[in-house]
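*Asks:* Let me begin by handing over the structure; questions about it come next.
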Amino acid sequence: MNLWLEIDDPAAVAPARRRAKQAARDLGLSETRQEEAAIAATEAATNVLRHGRGGRFLIQALRLPRGARLVLIAADDGNGIADPDRMMRDGESGSGTAGLGLGGMQRLSDRFDLWTQPGKGTITVCEFAAPGAQLSREGVDLAALTVCHPAETRCGDAWSVRETPQGTDVLLCDGLGHGASAAEEAEEVITTCAADSGSPEQVLSRASRVLSGRRGAVASALRIRPGLDILEFGGVGNIATFKVSGGVSKRFPVRDGRLGGPPLHAFGEETTLMPGDLIIMHTDGIATIRTGDLPAGLFSRAPLTIAAALMHWNFRGRDDAGIVVLRVNKTR
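Residues in the sequence shown are numbered consecutively from 40, following my numbering.
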């Protein structure tokens, strides 16, 4: 599911519940976990409607090398929660909700996060792990979200992640245009790059030649080496990629052009990493992110919460959108 569900009417809660349960079923969760995901979705969507004056709900399967998980995101631009610790206690669900409360949502979820700020709104994130999935945040902790153009059912933005002896490889691409044709281009880029074990710069340069004559795409790729201290980057076109380290943001340059267009050599760069560094990649379906304008403390949250907040606040609404957020953590 790659569409924002607009939660602006009580009738919108039932579709959120139904689609969350179906997504849990599709991911292989047990009947009990399917129902628990549906309950969490009902509570989250109701909270958005009652306390956030309406907002959005997003359901996605996040497929990572350590296993898949169902992600439920509720976002609003309401008044926020003045005392989130109190609202996490049992019995503090507020009037008009399903009665579960934030604390109950946390207990149902395998992983739960809440970001709120008075006057800025609230982001609620629930994760339900598929059978066999590992939720450890050691090493590279990564989250990614894609959202369709509001008039489409297929998303032309796509991402991939793989772990190889060379490191952790991440790719974000944007098929030109939106809808089914763009989705096919993005899928072709993902497939082509997956068969190449070269550096990010080499992978994109060779992919452009393989895709010559096609509609094309723009893409950025990175590799985090096994020691987690070096990042290799390659980029073609207008995928924005930047590193946040110690509160300082560094944006990576890219080569103008597109994969599949005139011959080109992807821009490449290498940089050092420190524990706690964030890497953020996003397509142009998300408005330019200016880190200095973001709420204090957001970048200390989990990558999925950061991705959800940035997607909600910056979604343009006239194109597909994709974002990848990862944090580099040292293993124990």
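Idealized CB from N, CA, C, for every residue including glycine.
Being a predicted model, the structure only gives us computed values, none of them experimental.
From S288, A279 and V275, pick the residue whose C-alpha is nearest to that of V363; which is it?
*Replies:* Per the Cα distances, A279.
*Asks:* Taking DSSP's pairing of strands, which residues face Q156 in a bridge?
*Replies:* Paired residue(s): G160.
*Asks:* For D213, which beta-bridge partners are listed by DSSP?
*Replies:* Its beta-bridge partners are D196 and V257.
*Asks:* Considering only C-alpha positions, which residue in the set M144, A221, D180 and S175 is nearest to P194?
*Replies:* The residue asked about is misnamed: residue 194 is Cys in this sequence, not Pro. Per the Cα distances, A221.
*Asks:* Is it right to say N99 is buried, meaning 16 or more other beta carbons lie within 10 angstroms of its own, or is it exposed?
*Replies:* Before going on, a small fix: residue 99 reads as Gln here, not Asn. Flag for Q99 reads buried.
*Asks:* Roughly how far, in whole angstroms, is the beta-carbon of G255 from the beta-carbon of R297, given that I think they are within contact range, below 8 Å?
*Replies:* The Cβ separation is near 4 Å, so the contact holds.
*Asks:* Which class does R56 belong to by DSSP, given the choice of helix, strand or coil?
*Replies:* Of the three classes helix, strand and coil, the one that applies to R56 here is helix, per DSSP.
*Asks:* Would you mind stating whether W154 and L42 have Cβ atoms separated by less than 8 Å?
*Replies:* Not in contact: W154 and L42 (Cβ atoms no closer than 8 Å).
*Asks:* Taking contact to mean at least 3 C-beta pairs separated by less than 8 Å, is the segment 257–277 in contact with the segment 285–301?
*Replies:* A contact exists between the segment 257–277 and the segment 285–301.
*Asks:* According to DSSP, which residues form a beta bridge with A107?
*Replies:* The partner list for A107 (beta bridge, DSSP) reads R102.
*Asks:* Name the two residues that bound the continuous alpha helix (DSSP H) containing T81.
*Replies:* E70 to H90 is the extent of the alpha helix (DSSP H) around T81.
*Asks:* Let me check understanding here. Comparing Cα to Cα, which of I229, H217 and V287 lies closest to D316?
*Replies:* Minimum Cα distance to D316 is reached at V287.
*Asks:* For S134, does the three-state DSSP call read helix, strand or coil?
*Replies:* In this predicted model, S134 has a pLDDT of only 46, less than 50, meaning its place in the structure is not dependable; the value taken from the coordinates is given anyway. Coil at S134, not helix or strand.
*Asks:* Under a three-way DSSP split, which group does T344 fall into?
*Replies:* Reduced to three states, the DSSP call for T344 is helix.
*Asks:* When you compare only the Cα positions, how much space is there between L108 and L349?
*Replies:* Looking at the sequence itself, residue 108 is Arg, so the reference to Leu does not match. R108 and L349: Cα-Cα distance of roughly 20 Å.
*Asks:* So D359 and V228 are in contact, right, with Cβ under 8 Å, and what is the actual spacing, rounded?
*Replies:* Their Cβ separation, rounded to whole angstroms, is 14 Å, which puts D359 and V228 out of contact at 8 Å.
*Asks:* Can you give me the Cβ contacts of L101 inside the same chain, cut-off strictly under 6 Å, excluding the 5 residues immediately before and after it?
*Replies:* So the qualifying residues of the chain are R108 and V110.
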